[in-house]
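Enquirer:
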Amino acid sequence: MKKQQVIVFLPAYNEEQSIREVIQSIPRHFHHQVEVKVLVIDDGSKDNTVNVAKSAGADFIVSFEKNRGLGAAVRAGLQECFDRGADIGVMIDADGEYPASQIPDLLQPILAGEADYTMGSRFLGTIKGMKVHRRLGNYGFTLLQSLVLKKWIFDGQSGMRAFTRQALKHGEIIHDYNYAQVLTFNLVRQGFRVKEVPIQYRVRTTGESFITFRGYLFSVIPAIWKELRRPVQKVKIDASAHKVDLKGSRTLKAQKQKTHIINLK
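Each residue of the sequence shown is one higher than the one before, starting from 1 at the first, in UniProt numbering.
What follows is the structure in structure tokens.
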């Protein structure tokens with residue numbers, strides 16, 4: 001049976017202090033039918049992010065000449081994964097807040113043929129150190145997303161996600177500031193099956209997030225409105241494209257038993 005080619009991509013802007021640990025924590029050999037590569041999308045970093053990523057073992061690095069924004073970096077990551085032949089693309093932030101060790105958990109519903117798009121949920125798992133105002137902001141924007149989609153979502157802003165090849169091909173991000181809500185709206189409206197997987201989150205200890213409430217209010221909300229108003233076509237989903245034999249994997253079998261998965265179908 002053909003191996004599933006997984007490319008884990010990290011959007012990164014001035015993350016020299018954290019990106020090494022993230023790259024080296026990415027599981028490479030957790031299933032005999034899965035092959036993992038690492039891609040860094042350097043969003044015009046001014047520090048030593050690129051050299052640190054190379055020395056940490058990144059397989060591919062794509063660099064922007066100047067900073068374009070997280071939405072642009074994620075868009076490039078989706079496209080690069082598709083162009084490089086990935087069966088599955090996985091996105092994880094380079095700041096160390098999201099557990100790279102749980103990438104097999106994130107992939108399990110896709111490899112079981114149960115989902116096309118998965119999101120690591122901090123609010124179904126654990127959140128350590130997130131400030132109250134950020135938590136409330138996450139709750140508010142996630143509630144808005146749930147009401148619009150008429151599907152209950154627990155963590156609409158997660159920086160840890162996985163995509164089938166079809167989702168990589170059809171997912172669209174229509175603005176550069178961020179990607180979280182518009183990408184989910186886009187994929188769900190096209191008929192992709194979405195699941196949330198609990199993850200163990202820890203707040204970043206280095207660097208600084210660029211996301212602000214003002215940025216969301218004046219950049220994300222208009223983009224959501226634009227996304228919801230434009231027409232999309234339903235995609236004929238190949239539900240079995242990425243199925244592998246999970247019975248032969250102790251790691252994924254154990255993770256399946258301990259992982260509480262929320263179905264947003």
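Where a beta carbon is used, it is the ideal one built from N, C-alpha and C, also for glycine.
(1) Measuring CA to CA, which of C81, I41, S25 is closest to P104?
(2) Over what stretch of residues does the alpha helix (DSSP H) that includes G77 continue unbroken?
(3) What does the alpha-carbon distance come out to for the pair L144 and H170?
(4) Within the chosen definition, does the segment 107 to 115 reach the segment 183 to 190 through at least 3 CB pairs nearer than 8 Å?
(5) Who are the Cβ neighbours of M119 in its own chain at under 6 Å, not counting the five residues just before and after it?
(6) Between which two residues does the alpha helix (DSSP H) holding D105 run?
(7) Assuming contact is defined by CB atoms lying nearer than 8 Å, are F192 and Y117 in contact in what I supplied?
(8) Is H242 buried or exposed, if buried means 16 or more other CB atoms sit within 10 Å of its CB?
(9) At least one CB of chain B closer than 8 Å to the CB of V34: is that the case?
(10) Using only alpha-carbon positions, find the residue among N67, S55, H31 that is nearest to K46.
(11) I'd like the span of the beta strand (DSSP E) that includes P231, first residue to last.
(12) Per DSSP, G89 forms a beta bridge with which residues?
(13) Look up Q255 in the DSSP assignment and say whether it is helix, strand or coil.
(14) Excluding the five sequence neighbours on either side, which residues of its own chain have a C-beta within less than 6 Å of the C-beta of D245, listed in chain order?
(15) Taking 8 Å as the limit between beta carbons, can you name the residues of its chain near V232, skipping five residues before and five after?
(16) Would you mind reading off the limits of the beta strand (DSSP E) that contains V244?
(17) Pick from G113, T126, R229, Y13: whose alpha carbon is nearest that of G69?
(18) Just list the alpha helix (DSSP H) runs in the segment 140 to 202, keeping only unbroken ones of 4 residues or longer that don't cross its boundaries, in chain order.
(19) Quick one: grab the DSSP three-state call for K128.
(20) Could you check if G89 is buried or exposed, using at least 16 other CB atoms within 10 Å of its CB as the buried criterion?
(21) Starting from K54, follow the alpha helix (DSSP H) in both directions and report where the run begins and ends.
(22) Using a 10 Å radius around the Cβ and a threshold of 16 neighbouring Cβ atoms, would you call D155 buried or exposed?
(23) Does the distance from the CB of V52 to the CB of R75 come in under 8 Å?
(24) Could you check what DSSP says for V34 in three-state terms: helix, strand or coil?
(25) Based on the DSSP secondary-structure assignment, which residues constitute the bridge partners of Y117?
(26) Alpha carbons only, please: which of V34, L39, R202 is nearest the one belonging to L78?
(27) Counting C-beta neighbours from all protein chains within 10 Å, is the total for S121 16 or more, i.e. buried, or is it exposed?
(28) Can you tell me which residues form a DSSP beta bridge with I61?
Expert: In brief:
(1) Comparing alpha-carbon positions, the option among C81, I41, S25 lying closest to P104 turns out to be S25.
(2) 70 to 83
(3) 23 Å
(4) Counting C-beta pairs closer than 8 Å gives fewer than three between the segment 107 to 115 and the segment 183 to 190, which falls short of the contact rule.
(5) Excluding its 5 nearest sequence neighbours in each direction, M119 has C-beta neighbours in its own chain below 6 Å: S158, R161, E196, listed in chain order.
(6) 103 to 111
(7) Judged by beta-carbon spacing, Y117 lies within the 8 Å limit of F192, meaning their Cβ atoms are closer than that value.
(8) Buried, since its Cβ has 16 or more Cβ neighbours within 10 Å.
(9) Reference to chain B is not applicable here, since this structure consists of a single protein chain.
(10) Nearest option by C-alpha distance: N67.
(11) For P231, there is no enclosing beta strand (DSSP E), as DSSP gives it neither H nor E.
(12) I7, F163
(13) Low confidence applies to Q255: its pLDDT is 48, below 50, so where it sits in the model is not reliable, and the reading given next is rough at best. Note: Q255 maps to helix in three-state DSSP.
(14) For D245, same chain residues with a beta-carbon under 6 Å away, outside a window of 5 residues either side, do not exist.
(15) N186, R189, Q190
(16) Segment: none, V244 is in no beta strand (DSSP E) and carries neither H nor E.
(17) Of the residues G113, T126, R229, Y13, the one whose Cα lies closest to the Cα of G69 is Y13.
(18) 165 to 170, 180 to 189
(19) strand
(20) buried
(21) 49 to 56
(22) buried
(23) no
(24) strand
(25) F163, V194
(26) L39
(27) buried
(28) I61 pairs with V40.
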